[in-house]
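To start, the structure itself, in structure tokens.
Residue numbers (the numbering used here), protein chains in the order written: chain A, 26 to 327; chain B, 259 to 481.
Given below as structure tokens:
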């Protein structure tokens with residue numbers, strides 16, 4: 026066990042030393058891995074933010090039915106029954122013009138506008154939620170409600186949220202695809218780097234074999250080297266995305282201020298960031314494994 | 259009729275390289291523990307091949323090679339490192355690592371076996387002291403003279419306290435005086451019980467020491 030620890034510490038030191046032995050090559054490698062991975066990582070970060078945004082919106086389709094002014098309460102009750110009996114309707118909620126105005130007053134920036142009005146310009150309304158999110162059903166109901174007596178205007182809400190959701194799903198698939206492809210390139214980059222390492226370490230490998238080093242002993246520094254390379258690449262990618270988000274946030278903040286909303290991109294959560302580093306380190310380990318298995322036995326002492 | 263088990267035993271050993279070149283044929287001999295043996299013969303007689311067979315760098319094409327009772331032709335490649343840890347190898351082309359200093363070169367065999375650093379450093383210095391290189395432990399091998407480089411190889415070979423020392427032309431590029439010192443070192447290791455096999459074509463040295471000689475001619479034992 027002690028020998029095992031000692032061997033691993035030695036290999037770790039050797040792995041780090043080899044990274045520093047050719048600092049320019051190491052930086053170039055880390056840069057390649059980092060920038061290549063920053064692409065899907067940044068896209069993923071944007072998706073997570075958009076998703077959080079769309080999650081805060083209602084995804085059930087709603088139909089707002091605005092009533093013509095000057096109708097009595099009895100008309101309203103009759104209309105409400107008609108709405109409730111329509112197929113595909115889940116709930117029907119009545120919003121009086123007074124409560125709509127009160128609700129509007131609570132929205133930021135609207136209070137002053139409303140205070141300047143002499144009387145309430147808002148109509149009474151029904152808000153209907155649908156049982157299922159079928160866009161066709163929403164369209165059908167929209168047409169049906171429009172013909173009802175006393176209805177001034179019908180509007181289908183939330184259809185665009187659904188579209189956003191579908192788009193997000195598309196985006197996720199694209200990011201996954203990109204991740205897989207670039208994951209392969211990460212394995213390839215490590216494979217090549219390790220191949221070159223084996224060539225430059227040729228003498229050391231040969232001498233080590235001659236003085237009784239096991240294959241495991243010779244392989245270990247390469248694994249540390251490769252995994253560290255991957256981990257550093259992952260950290261670089263995170264750094265690139267972090268800087269990118271910082272830059273975007275500066276502009277987004279100004280844009281948001283104009284609309285009175287807090288618009289800022291949130292960086293990846295810590296767990297995700299750590300997963301990224303573990304992921305890149307593992308892929309590099311894999312590349313090292315393939316490379317070392319292929320190339321190490323080509324160095325045999327003569 | 260031997261009472262002691264030989265440490266090295268060749269029985270009808272042959273070695274043919276790809277392409278048909280026959281380096282050794284029908285070689286049979288035993289080496290007892292603690293023996294000092296010369297392997298002699300002209301260049302191309304098969305001296306290096308013979309030593310490489312003992313260290314499992316090459317495998318015999320026929321016959322059996324036993325080292326410490328282990329049959330090397332049946333040895334799995336996984337077991338080869340452990341065989342080599344009991345051998346001190348000194349090569350014709352030295353095989354020093356030129357990117358690290360004298361001390362680190364000698365430390366390498368101990369790192370391989372996972373010795374604690376403190377103990378390893380003590381042993382490495384003892385080995386360097388034996389070959390008279392203690393003052394030069396921080397020097398890079400390239401800064402050493404030919405004779406010093408050869409002594410560094412010897413220090414690296416003995417630092418693990420092997421039971422068998424194999425040297426391929428250790429005095430080939432040295433002048434007579436240096437060769438003499440190196441040979442004195444091998445003698446002293448032999449006196450503390452290490453089995454020593456040295457391949458050489460230097461007849462003058464052999465005349466002086468007159469130990470046991472295994473002579474090769476064109477891959478066969480010459481008697």
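Ideal placement from N, C-alpha and C gives every residue a C-beta, glycine not left out.
Between residue 321 of chain B and residue 269 of chain B, the C-beta spacing is below 8 Å. Looking at the DSSP output, residue 479 of chain B sits in a beta bridge with B:474. Interface criterion not met: the Cβ of residue 41 of chain A is under 8 Å from no Cβ in chain B. Annotation: the continuous alpha helix (DSSP H) that includes residue 338 of chain B extends over 338-342.
Relative to the Cα of residue 405 of chain B, the nearest Cα in the group B:388, B:339, B:440 belongs to B:440. Nearest CB-CB separation between residue 456 of chain B and chain A: not below the 8 Å threshold. Under the 8 Å Cβ criterion, the region 234-243 of chain A does not count as touching the region 255-275 of chain A, having fewer than three qualifying pairs. DSSP places residue 111 of chain A outside any beta strand (DSSP E), giving it a letter other than H or E. When secondary structure is reduced to three states using DSSP, residue 300 of chain A falls in the helix class. Taking a C-beta cut-off of 9 Å against chain B, the contacting residues of the region 226-237 of chain A are 228, 229, 231, 232, 233, 234, 235, 236, 237, listed in chain order.
Among the residues facing chain B, residue 35 of chain A is included, as its CB has a counterpart in that chain under 8 Å away. For residue 240 of chain A, the enclosing alpha helix (DSSP H) covers residues 240-284.
The beta carbon of residue 322 of chain A sits closer than 7 Å to none of the beta carbons in its chain outside the five residues before and after it.
By the Cβ rule, the region 32-52 of chain A does not count as touching the region 185-204 of chain A, because fewer than three pairs are nearer than 8 Å. Proximity of residue 242 of chain A to chain B, defined by a Cβ-Cβ separation below 8 Å, is satisfied.
Taken in chain order, the region 200-238 of chain A contains no complete beta strand (DSSP E) segment of 3 residues or longer.
In this structure, the alpha-carbon of residue 287 of chain B lies about 11 Å from that of residue 295 of chain B.
Secondary structure at residue 349 of chain B: coil, using DSSP grouped into helix, strand and coil.
Per DSSP, reduced to three states, the secondary structure at residue 166 of chain A is helical. Remark: C-beta atoms of residue 203 of chain A and residue 68 of chain A approach each other more closely than 8 Å. Scanning its chain for C-beta atoms nearer than 7 Å, with the 5 sequence neighbours on each side dropped, one finds around residue 197 of chain A the residues 72, in chain order. DSSP places residue 196 of chain A within a helical segment (H, G or I) once states are collapsed to three.
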